[in-house]
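Colleague:
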Amino acid sequence: MGVLYIVRHGQAPAHAYGPDADAVSGPGLTELGFAQASAAGRALARQVTGFDAMFCGDLPRQRATMAGVLEAFPDAAAPTIDPDWNEYVTPPLPEGDDIYRDGGRPFQDAITSALHEWVDGADIGPETYAMYAKRTRAAADRAADAAGSGKNVLVVSSAGSITQLVAQLWDIPPQSWPQMSRTFVNTSITKILAGRSGLTLVSFNAHEHLAALDSGLLTYR
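To get the numbering used here, take the position in the sequence shown, counting from 1, and add 5.
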């Protein structure tokens, strides 16, 4: 039996979100996001001596987080870049671009509403919800294939994709899936066992490495 350690990316700047995010240049993470990634790496180094395989989406915030985590594992090989771990493309919102920059409750409410429409079949992005769910599971299965007996695999992805995988594992209805990421912590760690019976969730959204009162590291977006 092997183990998947799936890390959500660190805090990203406002330009990382929105339908045109790919066209905007800039760092993948904020200064705080880089600190969160380093903290996640140190937390993982207290649990494992290294990783037998590593997978990462190709979004700048995911790549930067992987680099920060691997600071705690200086002998690690280069990770495999697998775009199927990418987050869904955030749909256009009627409230305009400002809502992406401001974030907070208005953004969460608007994106949840748009995602419900998407789940119901609305054509509001470059892929359907069914396509997104399928490629997320395919990415997880490839990571699981690398997690042979006694092996540890590191994955860096995003809140939507991690919670999408968990929703599939626990048979959570698609309409309930968008709510799962609302309290997903930046660089939280989700642990999944990979064995003959498939994938089994052990822990979800663990963030003890960020939770000290004076750390200032706990963020949700």
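Here a beta-carbon is modelled for each residue, glycine too, at the ideal position from N, C-alpha and C.
Taking the beta strand (DSSP E) that A199 belongs to, which residues open and close that run?
Modeller: Taking the sequence shown and counting its residues from 1, the one referred to as residue 199 is at position 194. It spans 194–200 - the beta strand (DSSP E) in which A199 sits, taken as one unbroken run.
Colleague: What's the C-alpha gap between T95 and P18?
Modeller: By 1-based counting over the sequence shown, the position of residue 95 is 90. By 1-based counting over the sequence shown, the position of residue 18 is 13. Those two C-alpha atoms are separated by around 15 angstroms.
Colleague: Can you give me the Cβ contacts of P183 inside the same chain, cut-off strictly under 7 angstroms, excluding the 5 residues immediately before and after it?
Modeller: Along the sequence shown, one-based indexing puts residue 183 at 178. If we look at P183 and ignore the five residues flanking it on each side, its Cβ neighbours are T117, L120, H121.
Colleague: Please say whether A151 and A58 have beta carbons closer to each other than 9 angstroms?
Modeller: Within the sequence shown, the letter at position 53 stands for residue 58. Within the sequence shown, the letter at position 146 stands for residue 151. Yes, these two residues count as a Cβ contact at 9 angstroms.
Colleague: What are the partner residues of G7, as DSSP defines its beta bridges?
Modeller: Working through the sequence shown from its first residue, we reach residue 7 at position 2. Paired residue(s): A199.
Colleague: Taking all protein chains shown into account, do 16 or more other C-beta atoms lie within 10 angstroms of the C-beta of G165, making it buried, or fewer, making it exposed?
Modeller: Within the sequence shown, the letter at position 160 stands for residue 165. Burial call: buried.
Colleague: If you check the beta carbons only, do T70 and R13 fall under 9 angstroms apart?
Modeller: What you label residue 70 is simply residue 65 of the sequence shown in a count that begins at 1. What you label residue 13 is simply residue 8 of the sequence shown in a count that begins at 1. A contact, by the Cβ cut-off of 9 angstroms.
Colleague: What are the start and end residues of the beta strand (DSSP E) that includes S162?
Modeller: In the sequence shown, residue 162 corresponds to position 157, counting from 1. Where S162 is concerned, the enclosing beta strand (DSSP E) stretches over 157–162.
Colleague: Do you know whose CA, among R187, L223, R201, lies nearest Q113's CA?
Modeller: For this step, residue 113 is matched to residue 108 along the sequence shown. It is R187 whose Cα lies nearest to the Cα of Q113.
Colleague: Taking all protein chains shown into account, decide if E92 is buried (16 or more other Cβ within 10 angstroms of its Cβ) or exposed.
Modeller: Indexing the sequence shown from 1 puts residue 92 at position 87. Answer is buried; the Cβ neighbour count reaches 16.
Colleague: Secondary structure at I86, three-state DSSP: helix, strand or coil?
Modeller: Counted from its first residue, the sequence shown places residue 86 at position 81. In this structure, I86 counts as strand in the three-state DSSP scheme.
Colleague: I'd like to know if A164 contacts chain B, where contact means its C-beta is closer than 9 angstroms to some C-beta of that chain.
Modeller: Looking at the structure shown, chain B is missing, and only one protein chain is on hand.
Colleague: In the DSSP assignment, find the alpha helix (DSSP H) that holds F60 and state where it starts and stops.
Modeller: By 1-based counting over the sequence shown, the position of residue 60 is 55. That residue, F60, is in no alpha helix (DSSP H); its beta strand (DSSP E) goes 58–61.
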